[in-house]
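Numbering (the numbering used here), first residue to last: 1175 to 1422. All residues carry an ideal CB built from backbone N, CA and C; glycine is no exception. In this text, all values refer to a predicted model and were calculated from it rather than measured experimentally. As C-alpha cells, the structure follows; a few thoughts come after it.
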C-alpha cells in the first residue's frame, strides 16, 4: 500500500525548512535521538541542503510502519544520511519516531516491531534531489570564517582592495579553505624578493562560493612584508608583476 510522504505525519518532500531546522525537528520527535554519536551531530552543523523521502512502508490490521531517508549535503561535498523509523506498536496508537545512522541499525529496530511475520513491504528506489545548492568545489572547514574574512580584508594595504560590498557578503561565510596558488611565475626583479599567492575560498550560508586572492611580498622600499588582497587571481598576479617591476 503506497502512502504519500505528505500524508504520513511528515513534512512535504519540498520543505521550506533550512537544513538546521529540519534536523532539529527530526531530533525533537525521535525518542532515541540522544543515542546518536556526537560526531554525527557536529558534521550536520555544516549542512548546506537536505532531502527527505519515503523509503519503505507496511500498513495492515491497524498497524503501520514507515522508514524515511533524510540526507544532508555537507560543506566538504559529502553526504550524510539518517534513517527514521515511524511506527505504532498497537492498532490505533500514536506514532512513535526513532532515528538511526545506518540501515543495519534500522533493520534491527524494525525486526523488534510487532508486525506479522509475513508482512510485505513496498520499497522505493532512493533518489536524492538537492535544492539549487551546488556541490562545493573545495573541501571546506567549518570555522569562524566570517572573522577570518574580516581580518584578511583589514590587513590588506592595496588601495584597490575589496570594499564594503564584499565585506558585507563575507559576513555570511560559514566555512573556508586556504590554499597556496602556484602556476604563472612572477618576474623576480630585485634579488631576494619574496612573493606568495594564496586563495582564501569562502562558503556562504546560501551555498555560494567566494574567493579572495592574497598576495604576500617584500617588494617594498624598505623590504618589509606587505599584504594585498584582490577579488580575482588575474588581478592578484598582475599586482605581483607590477610590484616586482617597480623595485627591479
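Hey, would you say residue i sits closer than 8 Å to residue j, going by beta carbons?
i            : j            : result
residue 1207 : residue 1201 : yes
residue 1229 : residue 1241 : yes
residue 1400 : residue 1339 : no
residue 1350 : residue 1317 : yes
residue 1319 : residue 1369 : no
residue 1393 : residue 1354 : no
residue 1248 : residue 1221 : yes
residue 1382 : residue 1335 : no
residue 1371 : residue 1410 : yes
residue 1326 : residue 1277 : no
residue 1210 : residue 1273 : yes
residue 1237 : residue 1269 : no
Out of curiosity, what's the CA-to-CA distance linking residue i and residue j?
i            : j            : result
residue 1271 : residue 1345 : 37 Å
residue 1181 : residue 1258 : Note that residue 1181 scores 32 on pLDDT, short of 50, meaning its location in the model is unreliable; the coordinates nonetheless yield the value given after this. Approximately 16 Å, taken between the alpha carbons.
residue 1217 : residue 1233 : 34 Å
residue 1406 : residue 1347 : 18 Å
residue 1239 : residue 1282 : 14 Å
residue 1286 : residue 1204 : 17 Å
residue 1417 : residue 1322 : 26 Å
residue 1478 : residue 1385 : This structure cannot speak to residue 1478, because the chain is shown only from 1175 to 1422.
residue 1314 : residue 1378 : 11 Å
residue 1396 : residue 1390 : 15 Å
residue 1342 : residue 1262 : 50 Å
residue 1363 : residue 1253 : With a pLDDT of 49 at residue 1363, under the threshold of 50, the modelled position of that residue is not reliable, and no figure is offered here.
residue 1398 : residue 1329 : 14 Å
residue 1250 : residue 1408 : 26 Å
residue 1415 : residue 1311 : 28 Å
residue 1235 : residue 1260 : 16 Å
residue 1374 : residue 1356 : 14 Å
residue 1226 : residue 1195 : 13 Å
residue 1255 : residue 1333 : 47 Å
residue 1275 : residue 1288 : 22 Å
residue 1212 : residue 1284 : 24 Å
residue 1324 : residue 1245 : 33 Å
residue 1199 : residue 1352 : 34 Å
Mind checking who residue i pairs with in its DSSP beta bridge?
i            : result
residue 1255 : 1245
residue 1288 : Per DSSP, none; premise fails for residue 1288.
residue 1316 : 1349
residue 1237 : 1234
residue 1223 : 1247
Could you tell me if residue i is buried or exposed, where buried requires 16 or more neighbouring beta carbons within 10 angstroms of its beta carbon?
i            : result
residue 1267 : exposed
residue 1243 : buried
residue 1359 : The pLDDT assigned to residue 1359 is 48, lower than 50, so where the model puts this residue is not dependable, and the model offers no usable value.
residue 1214 : exposed
residue 1413 : buried
residue 1404 : buried
Check whether the Cβ of residue i lies closer than 7 Å to any heavy atom of the ligand MG, and answer yes or no.
i            : result
residue 1256 : No copy of the ligand MG appears in this structure; indeed no ligand is present at all.
**Asked** Fully enclosed by the segment 1372-1410, which beta strand (DSSP E) runs are 3 residues long or longer?
**Response** 1383-1391 and 1400-1404
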